[in-house]
């Protein structure tokens with residue numbers, strides 16, 4: 002027996018040494034490196050009439066992304082992305098949250114993605130300081146979450162296939178695992194099975210052709226479905242469905258003074274008449290509701306880079322089928338001014354008004370006023386460039402070269 | 054042997070099989086090779102004027118088998134078409150811009166009227182997208198010259214905007230001293246394909262914005278980086294304008310570092326072969342339209358250097374390696390006095406690589422087209438290795 006163990010150990014060691022030598026002698030192709038970083042540092046003040054006044058130093062949503070990309074032996078390209086983010090201070094995600102870890106394989110018209118990334122809880126982005134500033138209105142909320150972490154509704158595990166045709170039309174289908182926060186705090190998530198899915202059909206003008214498009218930048222429809230409990234404590238799973246529609250329209254297509262309008266509507270079909278009162282986040286995600294968000298954005302670019310931006314956003318959400326009339330609306334006004342190539346300063350004012358059951362969920366508060374003063378750093382850099390992107394002007398307008 | 058090595062070697066052998074040496078000397082190979090030399094553009098005769106039509110477009114170009122890039126191309130080809138006229142001819146060139154970028158044409162080495170010299174904002178306004186500019190000049194001096202774009206010269210020349218212009222003289226002293234029947238034009242260039250791609254994309258993006266503003270009649274000196282004179286520029290800088298070369302507007306210089314080296318738009322093994330017969334003289338007209346020096350070395354022969362920048366050299370010299378600097382032309386005469394297949398390549402071996410792999414680039418050879426079959430036999434060992442028994446064989450990786 003001892004002889005057998007010794008023999009197996011020596012053989013394994015030998016094989017490992019030989020294979021290490023082979024690996025070292027085989028020259029590898031250096032991939033492209035993409036480094037993206039975003040630092041959002043703000044001083045947030047809750048204003049009077051919000052029942053409390055306070056000021057906090059906030060650096061949540063600051064993030065770093067590292068991407069590695071290279072050509073495969075066929076027409077496909079492979080990409081690995083790893084990223085971490087500083088989550089909201091009141092979340093229970095700790096100091097750092099790994100919000101993006103995925104592998105992507107794509108060619109001219111096909112795109113496969115596997116891992117964790119930003120989910121299709123929203124179809125388009127809005128010009129807010131942080132991407133969860135209007136989350137209640139802009140995203141399909143995670144029914145498996147307890148509502149403490151906004152990241153639960155934004156990031157999750159996904160397996161996705163997308164097909165693009167005629168350069169601008171996208172069809173995506175995906176299966177997702179939305180984060181499940183157990184009801185007992187401090188316990189780890191143990192179930193990582195697929196608990197949702199969806200699809201999107203979208204017309205999207207590539208960013209490089211921004212000056213080609215006359216009016217319409219984006220038009221999309223999508224759906225998210227969840228396999229979840231209708232009632233707490235009941236194991237039986239049922240399908241909860243949300244629908245999405247969005248558009249981005251150029252109001253003034255001018256390289257110096259640019260104005261666009263962004264709009265999205267979400268319909269949560271809910272669990273019919275079962276939820277008629279909102280006691281907690283669990284109910285909020287299962288009640289029937291309609292949410293809209295609209296922004297007007299003005300962007301001034303003097304020397305062919307953004308100089309300053311002003312935006313005004315309006316959100317409205319109403320819950321149908323509740324005993325008490327319940328709705329909320331939000332106004333966000335912000336401005337950003339570029340002080341250097343990658344640096345901006347910004348000021349954002351938020352006003353939110355809550356009616357009905359939502360007031361009880363927010364400790365009786367009916368209005369929330371806040372002001373945020375921020376310094377933002379953002380960069381996106383590519384090293385060891387080796388090949389072109391699908392949506393470069395050369396590939397779009399002069400023939401695609403892999 | 055791992056899988057990647059297996060694939061590489063497999064490709065090398067199969068490519069050799071596809072281009073058998075017998076075919077190198079056959080009619081088909083000669084026709085295929087002839088296409089690698091730019092044919093002279095046919096002029097239209099209009100009174101005393103010879104009229105040529107050149108247009109610029111963005112095209113896909115295959116540098117070497119399997120490697121395609123987007124590039125600017127006169128009349129859709131690299132190098133641009135050869136213009137061939139006689140000394141003293143009246144030449145008129147209609148230059149049409151079919152791209153969304155600005156361009157000009159500079160006639161390198163020619164004595165043209167200064168307004169025809171093609172330097173934007175110095176001798177003319179740039180030729181804008183969708184417009185045509187007419188160049189008119191008398192063809193002089195005789196010799197080997199070339200033309201190229203002078204807008205964003207570093208990028209546009211690298212991106213393929215060059216071509217030969219040959220001015221013949223019936224009393225050519227070189228032809229008198231070294232009678233020859235054939236001449237070949239070889240245009241050398243070097244390309245950083247990553248720099249080209251990124252810069253062309255950036256430029257196209259900027260021009261889309263600028264064209265939109267120009268159509269609206271809006272012009273901003275700061276945005277366009279164009280000022281009436283030095284005093285105006287200084288005034289704007291004093292008022293806070295940051296010129297685009299400063300570090301707060303631009304990363305440290307990413308100057309191009311060539312990774313592909315071409316002759317007549319192609320790299321080995323697609324580079325053109327130069328044919329000669331025993332006892333014949335041929336003239337090579339060599340043009341360096343790139344940014345790097347070449348040190349062109351011919352095996353087995355000493356050739357005569359007979360012209361420099363198109364001007365006949367008073368006392369031609371014999372040598373086997375000639376330096377060809379950026380922007381220069383050099384003519385040599387090769388005498389067919391040593392039968393065989395002879396390598397002709399850049400002795401700065403970097404110029405003979407494809408993406409860092411030797412051999413490649415400007416590597417080519419002088420082929421005696423009357424070389425007897427039995428002289429192309431290889432050693433016995435080649436047969437033992439199960440490789441073709443006759444040379445040359447395509448070699449991609451030494």
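Residue numbers (the numbering used here), protein chains in the order written: chain A, 2 to 403; chain B, 54 to 451. A virtual CB, placed ideally from N, CA and C, is assigned to each residue, including glycine. Bear in mind that the values here come from a model prediction, so they are computed numbers and not experimental data.
Of all alpha-carbon atoms in B:421, B:121, B:227, B:299, the one lying nearest the alpha-carbon of residue 399 (chain A) is that of B:121. For residue 178 (chain A), the closest of A:229, A:130, A:140, A:340 by C-alpha to C-alpha distance is A:229. Put simply, of A:77, A:118, A:242, A:47 the residue whose alpha carbon is nearest the alpha carbon of residue 391 (chain A) is A:77. Contact of residue 123 (chain B) with chain A by beta-carbon distance below 7 angstroms involves 395, 399, 402. Judged by beta-carbon spacing, residue 86 (chain A) lies beyond the 9 angstroms limit of residue 181 (chain A), meaning their Cβ atoms are not closer than that value. For residue 290 (chain B), the uninterrupted alpha helix (DSSP H) run begins and ends at 283 to 291, by DSSP.
Proximity of the segment 171 to 191 of chain B to the segment 290 to 300 of chain B falls short of the contact definition, fewer than three beta-carbon pairs being nearer than 8 angstroms. Chain order gives no chain B residues near residue 72 (chain A), where near means a beta carbon separation below 7 angstroms; the closest approach is about 12 angstroms. In the same chain as residue 128 (chain B), and ignoring 5 residues on each side of it, the C-beta atoms closer than 7 angstroms to its own belong to 107, 108, 134, in chain order.
Beta-bridge partners assigned by DSSP to residue 358 (chain A): none are found. Under the three-pair Cβ rule at 8 angstroms, the segment 154 to 162 of chain B counts as touching the segment 196 to 203 of chain B. Residue environment analysis places residue 317 (chain B) among the buried positions, since at least 16 neighbouring C-beta atoms fall within 10 angstroms of its C-beta. For residue 292 (chain A), the beta-bridge partners assigned by DSSP are A:267, A:318. In this structure, the straight-line span from the alpha carbon of residue 251 (chain B) to that of residue 328 (chain A) is close to 50 angstroms. In this structure, residue 354 (chain B) lies near residue 388 (chain B), with their beta-carbon atoms less than 9 angstroms apart. Comparing alpha-carbon positions, the option among B:272, B:405, B:282, B:237 lying closest to residue 219 (chain B) turns out to be B:237.
Among the residues facing chain A, residue 297 (chain B) is included, as its CB has a counterpart in that chain under 9 angstroms away.
Approximately 16 angstroms separates the beta-carbon atoms of residue 243 (chain B) and residue 307 (chain B); this is outside 8 angstroms, ruling out the contact. Within chain A, 395 have C-beta atoms less than 7 angstroms from the C-beta of residue 253 (chain B), given in sequence order.
Think of a sphere of 8 angstroms around the beta carbon of residue 181 (chain B): no beta carbon from chain A falls inside it, the nearest being about 16 angstroms out. The DSSP assignment places 78 to 86, 98 to 107, 111 to 119 as complete runs of the beta strand (DSSP E) inside the segment 75 to 145 of chain A, in order along the chain (cut-off: 3 residues). Residue-level contact check: residue 450 (chain B) does not touch chain A, since none of the beta carbons of chain A fall below 9 angstroms from its beta carbon.
With respect to the 9 angstroms criterion, residue 94 (chain B) and residue 105 (chain B) are classified as neighbours on the basis of their beta carbons.
Between the alpha carbons of residue 223 (chain B) and residue 356 (chain B) lies a distance of about 23 angstroms. With respect to the 9 angstroms criterion, residue 211 (chain B) and residue 309 (chain B) are classified as neighbours on the basis of their beta carbons. Going by DSSP, residue 152 (chain A) is part of the alpha helix (DSSP H) stretching over 152 to 155. In this structure residue 385 (chain B) is in contact with residue 358 (chain B), their Cβ atoms being roughly 6 angstroms apart against a cut-off of 8 angstroms. The DSSP-derived three-state label of residue 227 (chain B) is helix.
In the DSSP secondary-structure assignment, residue 251 (chain A) is bridged to A:261.
Within the segment 297 to 319 of chain A, contact with chain B at the beta-carbon level (separation under 7 angstroms) is assigned to 303, 304, 305. In its chain, beyond the 5 residues on either side, 42, 87 have a beta carbon closer than 6 angstroms to the beta carbon of residue 60 (chain A). Taking CB atoms only, residue 319 (chain B) has no neighbour in chain A less than 9 angstroms away. Taken atom to atom, the span from the alpha-carbon of residue 249 (chain A) to that of residue 263 (chain A) is near 5 angstroms. Interface annotation, residue 313 (chain B): not in contact with chain A, CB-CB separation never under 9 angstroms. Contact between residue 147 (chain A) and residue 193 (chain A) is ruled out by a C-beta separation of about 18 angstroms, above the 8 angstroms threshold. Selection A:245, A:210, A:234, A:34 evaluated against residue 201 (chain A) yields A:245 as nearest (Cα-Cα).
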